[in-house]
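One structure is given here, and the rest of the page talks about it.
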Amino acid sequence: MINSKPMLVIGTFSFVAICAVLFGFAQTQSGVSPVADTAPKKAEEQFKNIQVLKGIPADQMIPGMQFISTSLGVECEFCHVQGALEKDDKKPKQTARKMIEMMFTINQENFDGHREVTCYSCHRGSTDPVGTPPVMAEDLKPSVGEAKKSEGIRAETNEASGPTGDQLLDKYLKAVGGAAALDKVTSRVMKGTITFGDRDVPIDIFSKDPDKRVSLTHTPDGESVTAFDGHDGWLGVPGRPVREMHGPDIDGAAMDADLHFAAHLKGMFSEVQVRGTEKIGDHDAYFLVGRRGEKTPLRLYFDAQSGLLLRLIRYGETPFGRMPTQIDYADYREVGGVKIPYRWTLARPGGRFTIQLTEVKQNVPVDDAKFAKPPAPPAEADKGSAK
Ligand code: HEC
Ligand code: HEC
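Take 1 as the starting number for the sequence shown in our numbering and just add one per residue.
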């Protein structure tokens with residue numbers, strides 16, 4: 001019992017901390033700052049022992065490894081010797097190489113090279129994929145079949161007569177107050193609580209045009225920072241050097257920082273497809289997929305009644321498959337003519353947290369110094385000085 005508190009602290013903040021540790025580790029190991037060069041580095045140029053992943057961008061390596069770990073439900077040490085990731089001493093690492101080649105071949109030969117089959121397709125969070133269908137674990141409930149049937153019918157009628165993607169995006173913009181009202185918002189200062197597991201800690205979030213945002217989580221160990229200055233993003237946890245965000249993290253941070261997101265949404269998509277309806281909590285929602293050219297698509301779920309955004313799913317790209325980030329928005333309230341969610345839950349395969357706001361102020365002055373990047377640690381400062 002006495003021990004459970006400190007354990008929890010580690011557990012609850014680990015998802016931010018572990019990322020910082022891993023990224024930090026991978027970078028110092030190679031001694032190269034991934035932002036220093038203009039041409040994207042290849043995995044084999046940055047890492048020591050790359051045999052099957054030659055040619056993939058180096059900065060997709062760690063997200064890719066996280067995808068593999070999540071797919072198998074293991075930690076890095078299942079395959080790697082701690083502190084010497086290039087070593088091939090562990091059998092599962094060698095098996096994984098064969099599996100990677102198998103996965104690429106399956107997709108090449110059967111799906112025109114589209115990445116349809118991933119590690120997760122077979123593994124489903126286990127090292128030992130299940131090949132036999134499970135037996136029925138409970139007695140059949142007569143209502144199950146009927147419920148499914150009526151749901152199916154409803155989904156079909158809705159799809160046939162439902163709104164178009166453009167209509168849903170327009171309705172969302174109107175529901176939050178309309179473009180003119182959104183235009184008047186130039187800053188937002190939020191106070192609230194962030195909950196990881198059963199721990200609550202205070203959080204302050206500052207947003208300012210154009211696309212600046214910083215959130216300060218006041219953990220028992222010190223202040224954790226997630227920031228985006230309109231161009232660069234970074235993460236800081238107490239006692240560790242600041243870590244730069246890359247690719248999809250930046251993409252996501254830019255969306256979170258956009259005070260006019262509802263107005264910009266339509267322009268982000270090259271194609272929008274309404275896929276049907278789904279229940280989110282007690283709400284019926286229309287669910288659409290927005291394609292964004294080269295970037296990963298977004299999935300959006302709009303409340304069928306109010307038109308408000310209930311869920312957004314975005315993806316990080318890895319060579320093995322996409323890593324989802326899901327944000328559920330709730331408790332919409334009106335502040336200065338616009339509706340904003342006072343609560344949201346951000347969930348990833350490796351962790352989740354909920355933020356509940358208690359206080360929101362808009363159009364108050366926010367000092368630009370709040371969004372200034374802290375100085376880089378010495379090793380990186382040398383490389384970055386040319387920038
Ligand atoms: C299921 C096995 C498996 C797991 C789990 C795994 N890896 Fe790997 N990892 C590999 C394989 C296989 C390679 C070599 C790929 C190649 O040869 O192209 C590799 C290579 C690497 C490399 C390059 C090392 C070098 O210098 O050559 C790094 C860094 C790495 N992994 C980090 C991680 C991290 C961090 C985690 C945990 C998030 C992790 N890996 C989890 C299988 C795994
Ligand atoms: C087509 C299905 C399929 C796909 C896709 C697949 N695996 Fe596997 N994998 C299996 C099966 C089945 C086994 C178990 C084989 C056995 O028991 O001998 C296995 C076993 C493994 C093992 C050995 C586990 C242990 O206990 O030692 C590793 C490591 C592994 N897979 C990694 C991966 C990685 C990494 C990917 C994605 C790049 C992947 N697998 C994709 C089917 C698959």
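The C-beta atom is built at its ideal place from N, Cα and C for all residues, glycine as well.
CB of residue i within 8 Å of CB of residue j, strictly
i      : j      : result
Pro324 : Arg348 : yes
Arg291 : Glu271 : yes
Pro210 : Gly230 : yes
Arg188 : Leu265 : no
Pro133 : Cys122 : no
Leu309 : Leu298 : no
Asp115 : Gly321 : Contrary to the premise, residue 115 reads as Arg rather than Asp in this sequence. Contact: yes.
Lys91  : His80  : no
Ile56  : Ala39  : no
Lys48  : Glu86  : yes
Val185 : Gln362 : yes
Leu140 : Ala263 : no
Tyr172 : Gly73  : no
Lys212 : Ala254 : no
Arg421 : Gly252 : For residue 421 there is no data in the structure shown, the boundaries of the chain being 1 and 387.
Pro374 : Val201 : no
Glu244 : Asp232 : yes
Asp367 : Trp344 : no
Reduced DSSP category for residue i - H, G, I as helix; E, B as strand; rest coil
i      : result
Gly321 : coil
Ala137 : coil
Lys54  : coil
Ala20  : Per-residue confidence for Ala20 stands at a pLDDT of 37, beneath the threshold of 50, marking its modelled position as unreliable; no derived number is given.
Gln108 : helix
Gln369 : The residue you asked about is not Gln; residue 369 is Ala in the sequence shown. Reduced to three states, the DSSP call for Ala369 is helix.
Ser224 : strand
Lys295 : strand
Gly125 : coil
Gly336 : coil
His80  : coil
Pro63  : helix
Pro92  : helix
Ser69  : helix
Arg240 : coil
Lys42  : strand
Phe261 : helix
Glu101 : helix
Gly281 : coil
Met245 : coil
Met7   : The predicted position of Met7 is uncertain, since its pLDDT is 34 and thus under 50; a value taken from the coordinates is nonetheless stated next. Helix at Met7.
Gly152 : Because Gly152 sits at a pLDDT of 44, beneath the cut-off of 50, its placement in the model cannot be relied upon, and the following sentence gives the value as read from the coordinates. DSSP places Gly152 in helix when its eight states are reduced to three.
Ser207 : strand
Asp303 : strand
Lys212 : strand
Thr195 : strand
Lys266 : helix
Pro375 : coil
Asp229 : coil
Lys87  : coil
Gly384 : The predicted model places Gly384 with a pLDDT of 39, which falls under 50 and marks its position as unreliable, so this point remains unresolved.
Gly351 : strand
Among the options, nearest to residue i - alpha-carbon criterion
i      : options                        : result
Gly388 : Glu45, Val201, Gly64, Ala58    : The shown model of the chain, from 1 to 387, leaves out residue 388, and the question about it has no answer.
Cys76  : Ala96, Asp59, Ile250           : Ala96
Phe269 : Met190, Leu288, Pro341         : Leu288
Ala285 : Leu312, Asp251, Thr296         : Leu312
Asp88  : Gln51, Thr70, Ile62, Gln60     : Gln51
Lys295 : Arg240, Ile250, Cys119         : Ile250
Leu346 : Lys361, Ala330, Gly336, Ala372 : Ala330
Gln305 : Ala263, Ile280, Asp328         : Ile280
Met99  : Gln108, Asp112, Asn110, Cys119 : Cys119
Pro220 : Met255, Gly351, Val237         : Val237
Ala227 : Ala372, Gln46, Leu72, Asp59    : Ala372
Asp303 : Leu169, Gly131, Gly350, Val242 : Leu169
Val364 : Val335, Val274, Pro375, Gly350 : Val335
Ile205 : His218, Asp198, Arg199         : His218
Gly267 : Val117, Asp166, Gln66          : Asp166
Ala369 : Gln326, Ser207, Glu359         : Ser207
Gln273 : Met61, Val117, Gly162          : Gly162
Ser69  : Lys41, Asp112, Ala84, Arg124   : Arg124
Gln326 : Gly351, Tyr332, Ile203         : Gly351
Met405 : His246, Val360, Met136         : Since the first residue of the chain shown is 1 and the last is 387, residue 405 is not available in this structure.
Arg275 : His283, Thr164, Ile106, Gln94  : Thr164
Report yes or no: do the segment 184-204 and the segment 351-360 share at least 3 C-beta pairs separated by less than 8 Å? Yes: the two stretches touch, three or more of their Cβ pairs being nearer than 8 Å.
Among all residues, which have a Cβ less than 7 Å from at least one non-hydrogen atom of ligand 4, and in what chain order do they fall? Ligand 4 is absent from the structure shown, which contains only ligand 1 and ligand 2.
Decide if the segment 175-182 is in contact with the segment 331-341; the criterion is three or more beta carbon pairs, one per stretch, under 8 Å apart. Here the segment 175-182 makes contact with the segment 331-341; the two share three or more CB pairs at distances below 8 Å.
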